[in-house]
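A.B. asks: FYI, in our numbering the residues of the sequence shown are 129 to 420.
Backbone N, C-alpha and C define an ideal beta-carbon position, used for all residues, glycine too.
Got a structure for you, written out below as structure tokens; questions coming shortly.
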Amino acid sequence: MTNLIQTLISGLSLGSIYALIALGYTMVYGIAKMLNFAHGDVIMVGAYSGIVAVAQMGLSPWVTVIVSIAVCAVLGVVIEFCAYKPLRQAAPLSVLITAIGVSYLLQNAALLIFGSQQMAYPTLVKLPGFAVGGVHVDGITVLTLAVTAALMIALTLFIDKTKLGKAMRAVSEDKNAATLMGISVDRTITLTFAIGSALAAFASMFYGMTYVYIKPTTGAMPGIKAFTAAVFGGIGSIPGAMLGGILLGLIEQLSKTYISTLWADAIVFAVLVVVLVVKPTGLLGKPMQEKV
129 MTNLIQTLIS GLSLGSIYAL IALGYTMVYG IAKMLNFAHG DVIMVGAYSG
179 IVAVAQMGLS PWVTVIVSIA VCAVLGVVIE FCAYKPLRQA APLSVLITAI
229 GVSYLLQNAA LLIFGSQQMA YPTLVKLPGF AVGGVHVDGI TVLTLAVTAA
279 LMIALTLFID KTKLGKAMRA VSEDKNAATL MGISVDRTIT LTFAIGSALA
329 AFASMFYGMT YVYIKPTTGA MPGIKAFTAA VFGGIGSIPG AMLGGILLGL
379 IEQLSKTYIS TLWADAIVFA VLVVVLVVKP TGLLGKPMQE KV
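What follows is the structure, encoded as structure tokens:
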């Protein structure tokens, strides 16, 4: 029983990181209807910016947090402006291929700048762990869950209650109608990318503090799994991204502990296939009806 509880806690830790990344995915897709497969690599850039800020510039942890958020947000805006904005009316396949190209561009740029060797991410926050009934709970795990839940609530309130959030929902429903209502579609989509990439900065910090070592391909696999989590929970749904990330982390950790580390990824994707067969829109996704 102790081993099971410890495994569940590890799964929550992993799942909360997936959920953080999935929030960025679902934010961009929900508003702009674009799959930004470079999102995982924005996380890698955020992690390297944190390393540079602390190790080479000697900045304090709180300033480092602001620097990472600013770097990722600006990078997201630049990617949207240079890569995605010219393809606003293009076929989805063109956008997908462009996203993969941007991903490889960021990876190779990091390889040229930082090299292929792993770099240690600094400890921005020191939180003592605690034990309950022989089960150890790491302080970073609790903080990651708390921050992920807080960001999910903040994003939901922002989308539902603010003027900018209502503009985002209008753009998501119908870009042409939103334009006729005086909403700047370009500015709204740019803001969406900035917010989604800022969320990647939070993910990079918690990923770095949890797994310590960063390399140019760090964001690739977590990005794919977080996209899986977003689809699992219902892509476009902010609570769905949170739920999908947590469940994905639990399934992966349980599979590694009780079945095999070699089969863990296969089991995760197999569960996704089963869920989509039963409920194609994901756990919390809503069916979209198109009027002809």
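Could you tell me which residues DSSP pairs with M247 in its beta bridges?
C.D. replies: Numbered from its first residue, the sequence shown carries residue 247 at position 119. Under DSSP, M247 forms a beta bridge with I342.
A.B. asks: Going by beta-carbon coordinates alone, are I179 and T338 separated by less than 8 Å?
C.D. replies: Working through the sequence shown from its first residue, we reach residue 179 at position 51. Working through the sequence shown from its first residue, we reach residue 338 at position 210. Result no, Cβ atoms of I179 and T338 do not sit closer than 8 Å.
A.B. asks: Based on the DSSP secondary-structure assignment, which residues constitute the bridge partners of P259?
C.D. replies: Looking up residue 259 in the sequence shown gives position 131. Note on identity: in this sequence residue 259 is Ala, with Pro being the wrong assignment. According to DSSP, which records beta bridges pairwise, A259 is partnered with H264.
A.B. asks: Take V359 and list the residues in its own chain whose beta-carbon comes closer than 8 Å to its own, dropping the five residues that flank it on each side.
C.D. replies: Stepping through the sequence shown from its first residue, residue 359 is reached at position 231. Closer than 8 Å at the Cβ level, and outside the excluded window around V359, lie G372, L400, L404 and G410.
A.B. asks: With contact counted as at least three CB pairs below 8 Å, one residue from each stretch, are the region 239 to 258 and the region 308 to 322 in contact?
C.D. replies: No, the region 239 to 258 is not in contact with the region 308 to 322.
A.B. asks: List the whole-angstrom C-beta distance separating V199 from V230, where the pair is believed to meet the contact cut-off of C-beta under 8 Å.
C.D. replies: If you number the sequence shown from 1, residue 199 lands on position 71. If you number the sequence shown from 1, residue 230 lands on position 102. The Cβ separation is near 16 Å, so there is no contact.
A.B. asks: Looking at the structure shown, is F389 part of a helix, part of a strand, or coil, going by DSSP?
C.D. replies: Locating residue 389 in the sequence shown gives position 261, where the first residue counts as 1. Going by the sequence as given, residue 389 is Thr instead of Phe. Looking at T389 - three-state DSSP - the assignment turns out to be coil, as it is neither helix nor strand.
A.B. asks: Report the option in L187, L163 and V205 whose CA atom is closest to the CA atom of T226.
C.D. replies: On the sequence shown, position 98 is the one that residue 226 refers to. The alpha carbon of T226 has as its nearest neighbour, out of L187, L163 and V205, the alpha carbon of L163.
A.B. asks: Quick one: what's got a C-beta closer than 7 Å to G70's C-beta in the same chain, skipping five residues either side?
C.D. replies: This structure cannot settle anything about residue 70, because the visible part of the chain is limited to 129 through 420.
A.B. asks: Within 10 angstroms of its Cβ, does Y386 collect 16 or more other Cβ (buried), or is it exposed?
C.D. replies: In the sequence shown, counting from the first residue as 1, residue 386 sits at position 258. When all chains shown are included, Y386 counts as exposed.
A.B. asks: Can you tell me whether H264 is buried or exposed? The criterion is at least 16 other CB atoms within 10 Å of its CB, across all chains shown.
C.D. replies: Translated into positions along the sequence shown, residue 264 becomes position 136. H264 should be labelled exposed.
A.B. asks: For V253, name the three-state secondary structure that DSSP assigns.
C.D. replies: As a working mapping, residue 253 is identified with position 125 in the sequence shown. Of the three classes helix, strand and coil, the one that applies to V253 here is coil, per DSSP.
A.B. asks: Hey, P250 and A183: beta-carbon distance below 8 Å or not?
C.D. replies: The residue given as residue 250 occupies position 122 in the sequence shown. The residue given as residue 183 occupies position 55 in the sequence shown. Yes, these two residues count as a Cβ contact at 8 Å.
A.B. asks: Which residues in the same chain as S138 place their Cβ atom closer than 6 Å to its Cβ, once the five residues preceding and following it in sequence are excluded?
C.D. replies: Counted from its first residue, the sequence shown places residue 138 at position 10. Excluding sequence neighbours, S138 sits near Q381.
A.B. asks: According to DSSP, is I311 helix, strand or coil?
C.D. replies: Here residue 311 refers to the residue found at position 183 of the sequence shown. Three-state DSSP puts I311 in coil, outside helix and strand.
A.B. asks: Please specify which runs of the alpha helix (DSSP H), each continuous and at least 4 residues long, are wholly inside the region 169 to 238, giving them in chain order.
C.D. replies: Qualifying alpha helix (DSSP H) stretches, in chain order: 189 to 207.
A.B. asks: With DSSP as the reference, label P367 as helix, strand or coil.
C.D. replies: Numbered from its first residue, the sequence shown carries residue 367 at position 239. P367 sits in a helix when the DSSP states are folded into three classes.
A.B. asks: Buried or exposed, going by whether 16 or more other CB atoms sit within 10 Å of the CB of L285?
C.D. replies: The residue you call residue 285 lines up with position 157 of the sequence shown. Its Cβ having fewer than 16 others within 10 Å, L285 is exposed.
A.B. asks: With a cut-off of 8 Å, do at least 3 Cβ pairs link the region 250 to 260 to the region 329 to 349?
C.D. replies: yes
A.B. asks: With distances taken from CA atoms, which of A278, K213 and G377 is nearest I395?
C.D. replies: Indexing the sequence shown from 1 puts residue 395 at position 267. If we check each option's Cα against that of I395, G377 comes out closest.
A.B. asks: Can you give me the Cβ contacts of F355 inside the same chain, cut-off strictly under 6 Å, excluding the 5 residues immediately before and after it?
C.D. replies: For the purposes of this step, residue 355 is taken as residue 227 along the sequence shown, with counting starting at 1. The answer, listed in chain order, is Y153.
A.B. asks: Can you find the residues in the same chain that come closer than 7 Å, C-beta to C-beta, to T269, ignoring five residues on each side of it along the sequence?
C.D. replies: Position 141 of the sequence shown, counted from the start, is the residue given in the question as residue 269. Closer than 7 Å at Cβ, skipping near neighbours: I137, L140 and S141.
A.B. asks: Give me, in chain order, the residues of the same chain whose beta-carbon lies closer than 6 Å to that of F258; leave out the 5 immediate sequence neighbours on both sides.
C.D. replies: Counting from one through the sequence shown, the residue named residue 258 turns up at place 130. So the list reads V265, once near-sequence residues are dropped.
A.B. asks: Who are the Cβ neighbours of A201 in its own chain at under 6 Å, not counting the five residues just before and after it?
C.D. replies: The residue labelled residue 201 in the question sits at position 73 within the sequence shown. The residues are A322, S325 and A326.
A.B. asks: What is the rounded straight-line gap between the Cα of V156 and the Cα of Y212?
C.D. replies: Along the sequence shown, one-based indexing puts residue 156 at 28. Along the sequence shown, one-based indexing puts residue 212 at 84. A direct Cα-Cα distance of roughly 12 Å separates V156 from Y212.
A.B. asks: Out of curiosity, what's the CA-to-CA distance linking S388 and A348?
C.D. replies: Residue 388 sits at position 260 when you count from the first residue of the sequence shown. Residue 348 sits at position 220 when you count from the first residue of the sequence shown. Straight across, the Cα-Cα distance linking S388 with A348 is about 22 Å.
A.B. asks: Please state the DSSP three-state secondary structure of N164.
C.D. replies: Working through the sequence shown from its first residue, we reach residue 164 at position 36. DSSP places N164 in coil when its eight states are reduced to three.
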